[in-house]
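Here the sequence shown stands for residues 1 to 194, numbered as in the UniProt record's numbering. For every residue, glycine included, the Cβ atom is placed at its ideal position computed from N, Cα and C.
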Amino acid sequence: MTEARDTIRETLTPATQITIREQVRATLDRSPLVRPTTPNGMAMRVRVSAAGRFGWVGDGAYRYDEADSRGKPWPPIPELWKAIADRVAGPHAWDCAIVNWYDEDASLGWHRDQSERDTSLPIVTISLGDSCSWAIRADEGGPVSRCRLETGDVTLLAGETRGYFHTIERLIAAPLFSPLSKRGRLSVTIRVAG
Numbered sequence: 001m002t003e004a005r006d007t008i009r010e011t012l013t014p015a016t017q018i019t020i021r022e023q024v025r026a027t028l029d030r031s032p033l034v035r036p037t038t039p040n041g042m043a044m045r046v047r048v049s050a051a052g053r054f055g056w057v058g059d060g061a062y063r064y065d066e067a068d069s070r071g072k073p074w075p076p077i078p079e080l081w082k083a084i085a086d087r088v089a090g091p092h093a094w095d096c097a098i099v100n101w102y103d104e105d106a107s108l109g110w111h112r113d114q115s116e117r118d119t120s121l122p123i124v125t126i127s128l129g130d131s132c133s134w135a136i137r138a139d140e141g142g143p144v145s146r147c148r149l150e151t152g153d154v155t156l157l158a159g160e161t162r163g164y165f166h167t168i169e170r171l172i173a174a175p176l177f178s179p180l181s182k183r184g185r186l187s188v189t190i191r192v193a194g
């Protein structure tokens, strides 16, 4: 089994993290964060938006849509995000960048990403702000590997790890540097959805 720390492929410079933070702000100005609901009607602990042709919608079903919760198209994916994904995973026709906001007490339960049309294509995630406990496992109930993700870390789920279950167990107070002005974590997850 691949170790969690082996999914970290790059750490972005503070200047790049600040640029991405500003691009996220511009994205959220056009398509604000919403709190998705699970198929059983429970509100998720993270708030979500997106950029690209598709965005992820959690309205009781897990799916991708070309419009946000207000019926408006998602803003375009910034070229910098696509360039980072290309550098880490090789060039792909990236069409979705999910933006997740974690309050300081938020987490994201065990799941694997299976809503994409082609679930063999890679997923690249940029972490900003507070550190977090990142865990992966190959199978439901299987052995777990954990590591700490720091601000600026870029992870890759591809090949063997693409189908792994994964979770953000908890946040850990920000390190010495954070591009964010308050506690919490932003993640930008770049993928091919359609």
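Starting from the C-beta of residue i, find all residues in its chain whose C-beta is less than 7 Å away, skip the five residues before and the five after it, and write them out in chain order.
i     : result
Asp95 : Gly52, Arg53, Phe54, Val192, Ala193, Gly194
Met1  : Ala138, Pro143, Ser145
Arg25 : none
Could you check what DSSP says for residue i in three-state terms: helix, strand or coil?
i      : result
Trp81  : helix
Arg45  : coil
Pro14  : helix
Leu149 : strand
Asp59  : strand
Arg183 : coil
Val99  : strand
Arg53  : coil
Val24  : helix
Gly142 : coil
Val124 : strand
If you draw a straight line from the alpha carbon of residue i to that of residue j, how long is it in whole angstroms?
i           : j      : result
Asp86       : Arg9   : 12 Å
Ser49       : Ser31  : 6 Å
residue 196 : Pro14  : Shown here, the chain extends from 1 to 194; a query on residue 196 therefore has no answer.
Phe177      : Glu3   : 26 Å
Tyr64       : Asp29  : 20 Å
Ala106      : Gly90  : 31 Å
Trp81       : Thr19  : 10 Å
Cys132      : Lys182 : 15 Å
Glu116      : Cys147 : 26 Å
Starting from the C-beta of residue i, find all residues in its chain whose C-beta is less than 6 Å away, skip the five residues before and the five after it, and write them out in chain order.
i     : result
Ser69 : Val34
Pro78 : Gln23
Cutting at 8 Å between CB atoms, please list the residues of its own chain near residue i, excluding the five before and the five after it.
i      : result
Thr155 : Thr7, Ile8, Arg9, Val124, Thr125, Ser127, Trp134, Leu149
Ile172 : Asp130, Ser131, Cys132, Ser133, Arg148
Using 8 Å for Cβ pairs, my map puts residue i next to residue j. What's the rounded Cβ distance?
i      : j      : result
Ile189 : Ala97  : Residue 189 is actually Thr in this sequence, not Ile. Sure, about 7 Å apart at Cβ, within 8 Å.
Gly60  : Thr27  : Rounded, the Cβ-Cβ distance is 24 Å, inconsistent with contact.
Thr11  : Gly159 : That pair is no contact at about 21 Å.
Arg170 : Ser120 : Contact doesn't hold; Cβ gap of about 30 Å is too wide.
Cβ contact check for the region 107-120 and the region 157-169: 3 or more pairs under 8 Å: Contact between the region 107-120 and the region 157-169 is present: 3 or more CB-CB pairs across the two stretches fall below 8 Å.
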